[in-house]
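Undergrad:
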Amino acid sequence: MHIVKEKWPETLAKEKVEEEKRLPPLPNADQYREIVTRFSPNPDCVLHLGSARAIVLCHEYARMYNGRFILRFEDTDPKLKRPVLEFYDRIREDLEWLGCKPDEEYIQSDRVPIYYEYAEKLLKNGNAYVCICKPQAFREKVLAQKPCPCRDLPREEHLERWDRMLKGVYKEGEAVIRIKTDLTHPNPAVRDWPALRVIDIEKYPHPRVGTKYRVWPLYNFACGLDDHLMGITHIIRGKEHLTNMFRQEYMYRHLGWRYPEAIHYGRLKIKGAHLSKSKIVQGIREGLYKGWDDPRLATFAALRRRGITPEAIKKLIIDVGPKTSDVVLSWENLYAYNRKILDPKVNRYFFVPNPIQLLVRHIPRTFTVRLRLHPEYPERGFKEYVVRPSEPDGEALFWISKMDLKILAVGAIVRLMEAFNIKIERVEAYSVEAAFESESYEEAKRVEAPLIHWVPIGMDMPCQVVMPDGTITEGIAEEACKDLKPNDMVQFERFGFARIDAVNTKITAYYAHK
RNA sequence: GCUCCGGUAGUAUAGCCCGGUCAAGUAUUCCGGCCUUUCGAGCCGGAGACGCGGGUUCAAAUCCCGCCCGGAGCACCA
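Letter by letter, the first sequence follows residues 11 to 524 of our numbering.
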């Protein structure tokens, strides 16, 4: 070894184990005393894979720099994107499950007075104004790069109007506070953007604070203020927010603040999954999906039920990184990570989907078959099944899967895993007959006999597996499965990984992947 | 339409800022082999990509221009 080290050090270097993929460094991280990131969902739906990018990136960066990760509920629209009480908790649970527990939490509907305070300040400084133009009229003006009639009114007038907003003199749609920007900005969408508006609070009470406030801040106002007020150093969000950054920068200038570093990553989609909140909500309402954890959904709840581990999701997101281009993930990527995590950890069982009966004759003796829970970890123990052939023909009955019918031609030799080899004599749609052929594995190997799994009839229990497309695969599991508990993960050999959902006289499992 | 982004194998990603060591690395996928009583894991081998066209240069995935394609924003939503 010494000699190798001296003479060919480079050959040793090459053997270095592949290192974990890491996130690229955060821009200007050294300019901040502490890195602070935030995840800011609207609690109007459960979280899904599409949110994973924001969550994992924010959390991971905070950890990487020993910083803080903040959860901020952005629930300032009681009308169009109405928050729903149950989702606050569901989001907290999802975050915890993902291993991205926030260090701090804020709810914007608790912070309305703060927003009012800054609204007034901006009004007083002449950096904002109360606009009572009809939306259409305002749009025409701003498109022509002209100020609307309200913009240049004296500050006192705006303060009075603000008071009228608060008192409910102005009804919904009649007044809005705008932040002054550059009316000649090339993008009309950033010109004098709206910051707060009046909501008909009798009609649309807020689920948390009811009718307490009739003036609610809009996204750019609340978010812009909070990012500074909470000391966020790095904003990591989807690129749909890019123009919002330009809008908010005007407000930061008015307030004399420095805008945080911002990373706008691209959209994340996964092939074949609906990642739109509205589609998910609609599907639930119409009864198309059975719940938030319907296996057809890519919600965290559904992934959890299927046995996709949070670690796999994290790895996937870190692997994708924070780049600005959109990505269309394939499930295989996620499955591959999950499989690597699960394979060594979970025990293995025989599950026979779509069972058919197998009769084996001429079994010469009683076999005691021991099936290890995991072939690489014998210390975990084993299950034992006694195959006792009946007199006088040495017959025994097994369940085998219809899926193996394709390799069961008359005359073929197959091996019942861990037991013995048989020769197929008759094949029908729902039953197969065979004769004992030989015992040793070496013999099976010599004739290249396929290995199939089996369950002895009588030492079985019914089992149904809910597949990712929502269909159910009925089958029979080996008796040892009765000791499984909900949430256990298993590998059903030659079938796939699954999460045990319920165990009674029958097992229900959710399929994860192959 | 306007204002912005982006385009490396089936998928995802590294490299692009600061041209050469990139006849392009990694993971996954697929195919073969070994091993193993799974169609799993592991090990070995193989397949597979710089959107297109020009230009600059001794040299371009990397710089410049044009085109094509994809995406986002253009709400009194977040």
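Note that the Cβ used here is the ideal one computed from N, Cα and C, for glycine as well.
Just the Cα atoms here: how many angstroms apart are R295 and Y387?
TA: The straight-line gap from Cα to Cα measures roughly 47 angstroms.
Undergrad: Please report the distance separating the alpha-carbon of H244 from that of K516.
TA: The alpha-carbon atoms of H244 and K516 are separated by roughly 51 angstroms.
Undergrad: From P496 to V356, what does the alpha carbon distance come to, in whole angstroms?
TA: Cα to Cα, the separation comes out at about 14 angstroms.
Undergrad: Would a C-beta distance cut-off of 8 angstroms place Y359 and V457 closer than the cut-off?
TA: No; because the gap between Cβ atoms is not below 8 angstroms, this pair is not in contact.
Undergrad: Looking at C-alpha atoms only, which residue of P270, P93 and P217 is the closest neighbour of Q41?
TA: The residue with the shortest Cα to Cα distance from Q41 is P270.
Undergrad: In whole angstroms, what is the alpha-carbon distance linking P145 and L153?
TA: One C-alpha to the other measures close to 12 angstroms.
Undergrad: What residues are listed by DSSP as bridge partners for P204?
TA: Its beta-bridge partners are R188.
Undergrad: With I373 and G404 assumed to form a contact (beta carbons below 8 angstroms), what rounded beta-carbon distance in angstroms separates them?
TA: So it is a contact: roughly 4 angstroms between Cβ atoms.
Undergrad: Using only the alpha-carbon positions, how far apart do N135 and E106 sit?
TA: Going from the Cα of N135 to the Cα of E106 covers about 43 angstroms.
Undergrad: Can you list, in chain order, the residues of its chain with a C-beta nearer than 6 angstroms to that of L81? Leave out the 5 residues immediately preceding and following it.
TA: Answer for L81: F49, P112 and E115, listed in chain order.
Undergrad: With distance defined between alpha-carbon atoms, name the residue in S448, E438, Y520 and G301 nearest to E428.
TA: Checking every option, the nearest Cα to that of E428 belongs to S448.
Undergrad: If you scan the region 114-145 from start to end, which runs of the beta strand (DSSP E) of 3 or more residues do you find wholly inside it?
TA: Counting whole runs of 3 or more residues, the region 114-145 contains the beta strand (DSSP E) stretches 114-117 and 138-141.
Undergrad: Can you give me the start and stop residues for the alpha helix (DSSP H) that Q292 sits inside?
TA: It spans K287 to R295 - the alpha helix (DSSP H) in which Q292 sits, taken as one unbroken run.
Undergrad: Can you grab the Cα-Cα spacing for the pair K279 / D192, in whole Å?
TA: Computed Cα separation, rounded: 36 angstroms.
Undergrad: Out of P227, R78, A308 and D202, which has the shortest C-alpha to C-alpha gap to E259?
TA: Comparing Cα-Cα distances from E259 to each of P227, R78, A308 and D202, the minimum goes to D202.
Undergrad: Cβ atoms of V200 and F256: under 8 angstroms apart, would you say?
TA: Their beta carbons are under 8 angstroms apart, which means F256 touches V200 by this criterion.
Undergrad: If I'm right that K416 touches T334 with Cβ under 8 angstroms, what's the distance once you round it to whole angstroms?
TA: With 8 angstroms as the limit, K416 and T334 do not qualify as a contact, their Cβ atoms being about 47 angstroms apart.
Undergrad: Tell me which same chain residues have a C-beta within less than 7 angstroms of the C-beta of E293, skipping the five on either side of it?
TA: According to the sequence provided, residue 293 is Gly. The question's Glu does not apply to it. Around G293: Y299.
Undergrad: Report the residue from P157, Q155, C158 and I142 whose alpha carbon sits nearest the alpha carbon of E170.
TA: That would be I142, whose Cα lies nearest to the Cα of E170.
Undergrad: Thinking C-beta only, is Y395 closer than 8 angstroms to P472?
TA: Contact: no.
Undergrad: Using beta-carbon positions only, say whether E150 and I328 come within less than 8 angstroms of one another.
TA: Taking 8 angstroms as the Cβ cut-off, E150 and I328 do not qualify as a contacting pair.
Undergrad: Mind reading off the beta-carbon distance from L228 to K281? Whole number of angstroms is fine, and I expect it under 8 angstroms.
TA: The Cβ separation is near 34 angstroms, so there is no contact.
Undergrad: Near C55, which residues of its chain fall below 7 angstroms by C-beta distance, leaving aside the five closest residues on each side in sequence?
TA: Hits under 7 angstroms: F97, K287, I290 and V291.
Undergrad: Using 8 angstroms as the Cβ pair cut-off and three pairs as the minimum, do the region 125-133 and the region 163-183 touch?
TA: Result yes; three or more Cβ-Cβ pairs closer than 8 angstroms.
Undergrad: Closer than 6 angstroms by C-beta to F430: which residues in its own chain qualify, once you throw out the five before and the five after it? Chain order, please.
TA: Closer than 6 angstroms at Cβ, skipping near neighbours: E449.
Undergrad: With respect to the alpha helix (DSSP H) encompassing H274, which residues constitute its N-terminal and C-terminal limits?
TA: That residue, H274, is in no alpha helix (DSSP H); its beta strand (DSSP E) goes E271 to Y275.
Undergrad: Quick one: what's got a C-beta closer than 6 angstroms to V330's C-beta in the same chain, skipping five residues either side?
TA: The answer, listed in chain order, is V337.
Undergrad: Taking only three categories from DSSP, how would you classify A490?
TA: In the structure shown, A490 sits in a helix (DSSP, three-state: H, G or I).
Undergrad: Please report the residue range of the alpha helix (DSSP H) in which V534 lies.
TA: Because the chain spans 11 through 524 in this model, residue 534 falls outside it and cannot be assessed.
Undergrad: What do you reckon, is the C-beta of G506 under 7 angstroms from a heavy atom of the ligand FMN?
TA: Looking for the ligand FMN in the displayed structure turns up nothing, as the structure carries no ligands at all.
Undergrad: Check whether the Cβ atoms of A205 and T86 sit closer than 8 angstroms, and answer yes or no.
TA: Not closer than 8 angstroms, so no.
Undergrad: Taking DSSP's pairing of strands, which residues face G462 in a bridge?
TA: Rather than Gly, the amino acid found at residue 462 in this sequence is Ile. I462 is bridged to L426.
Undergrad: Judging by CA-CA distance, which residue of P198, R207 and K492 is the nearest neighbour of Y180?
TA: Comparing Cα positions, the closest option is R207.
Undergrad: Does the beta-carbon of F79 have 16 or more other beta-carbons within 10 angstroms, so that it is buried, or is it exposed?
TA: Buried.
Undergrad: Can you tell me whether E16 is helix, strand or coil according to DSSP?
TA: Any answer about E16 is weak, because its pLDDT of 33 lies below 50 and its placement is not dependable; what the coordinates show is given next. Of the three classes helix, strand and coil, the one that applies to E16 here is helix, per DSSP.
Undergrad: Express the C-alpha separation of R247 and A522 in angstroms, rounding to a whole number.
TA: Taking the straight line joining both Cα atoms gives about 29 angstroms.
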